[in-house]
Every structure is written in structure tokens, then in C-alpha cells.
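What follows is a single structure, written as C-alpha cells, with notes after it.
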Amino acid sequence: MRIDREALYTMDEIAEMFGIGKRTAQRMVYSGKVPARKLANKLVVRGADLLDGLPSYSPRGKGTVRSKTKQVVAAD
């Protein structure tokens, strides 16, 4: 999966790309790790902001570790 730095991604799309729950994607935004904006009453994240915020994000909690991992690469 490639992330286009100029594209906008919804929480559902982010969750699917990274194999995480929608709520976890929302936590990334609400924790301030990834900037987002509202568009048509939905939270969206610019690809560049998503890529820049990921290295410092580490979820906490009692969730299970997923055995599947998805490789996400920045689109050039």
C-alpha cells in the first residue's frame, strides 16, 4: 500500500491500511501525533501528515497484537 503525500485519508482508510481499528486511528489524531481536519463532517488526514506522524506513534493499552503486518510505503 502506498500513501500519496497529497491525498486525504479518512479514519476508515487509515485503519484498513495499517490493520488497526478505526478507534486507534482516531486516537492517533486526538493524541496530537497526527494532525487532521474535518471535511464534510469526517476527520481526514493528509498523507504527508500521516507519514510524518507515524514514527513517533506507539499505541498503549491492552489490545491484542496482530500477526498480520502491512507494509506502507510513501508514494514518490
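Going by my numbering, the sequence shown opens with residue 11, and the numbers climb by one from there.
All C-beta atoms in this analysis are idealised placements derived from N, C-alpha and C, irrespective of residue type, glycine included.
For R15 against G57, the beta-carbon gap comes to about 5 Å, under 8 Å, which counts as contact. Per DSSP, V44 is not a residue of any beta strand (DSSP E), being assigned neither H nor E. When DSSP states are grouped into helix, strand and coil, R56 belongs to the strand group. When DSSP reads this structure, T20 sits in a beta bridge with V54. Here the C-alpha atom of L18 lies approximately 9 Å from the C-alpha atom of L60. For R15, there is no enclosing alpha helix (DSSP H), since its DSSP letter is neither H nor E.
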